[in-house]
Amino acid sequence: MRGGAAWRAGLMAEEAVLRAYADRGCTILARRWRSPWGEVDLILRDGATVVAVEVKCARQIAVATRRLSRRQMDRVSAALAAFCQGEPAGSLTPQRHDLALVDGSGRVTVLENAWGADWD
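Numbering (the working numbering), first residue to last: 24 to 143.
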């Protein structure tokens with residue numbers, strides 16, 4: 024999948040992920056939020072925690088999982104840290120990095136705390 028088709032598939036995957044998080048009581052803070060360090064697909068609030076969600080889609084979940092690189096994780100982490108500077112608690116804001124996977128049938132699988140400061 025390339026170009027416009029991939030872009031549309033990505034938007035549809037993000038919509039499915041947003042619905043899944045909304046069903047869990049989370050609220051959206053930003054979508055495709057950009058900073059000098061990178062872009063975060065979705066930023067949500069889950070209670071007191073600000074959550075960066077990287078969305079990956081593929082026909083099979085296993086393939087989607089492999090689409091997240093260490094470089095992407097580092098960029099998302101840096102962007103989330105920058106976003107949290109605007110929160111009342113600043114860098115003390117509880118943060119979480121989730122990976123949301125969407126398969127070819129639109130099924131969403133969320134991996135909470137998919138990576139963090141101590142992730143190798």
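Ideal placement from N, C-alpha and C gives every residue a C-beta, glycine not left out.
Under the three-state reduction of DSSP, which class applies to residue i: helix, strand or coil?
i    : result
Q118 : strand
W30  : helix
G61  : strand
L91  : coil
With a threshold of 8 Å between beta carbons, is residue i in contact with chain B?
i    : result
N136 : Looking at the structure shown, chain B is missing, and only one protein chain is on hand.
Give the straight-line distance between the Cα atoms of residue i and residue j, rounded to the nearest whole angstrom.
i   : j    : result
R89 : E110 : 32 Å
K79 : C107 : 23 Å
A28 : P117 : 36 Å
R31 : E77  : 16 Å
P59 : R98  : 9 Å
Would residue i and residue j be called neighbours here (beta carbons separated by less than 8 Å)?
i    : j    : result
A123 : G61  : no
V74  : V131 : no
H120 : A105 : no
D64  : R57  : no
A81  : D126 : yes
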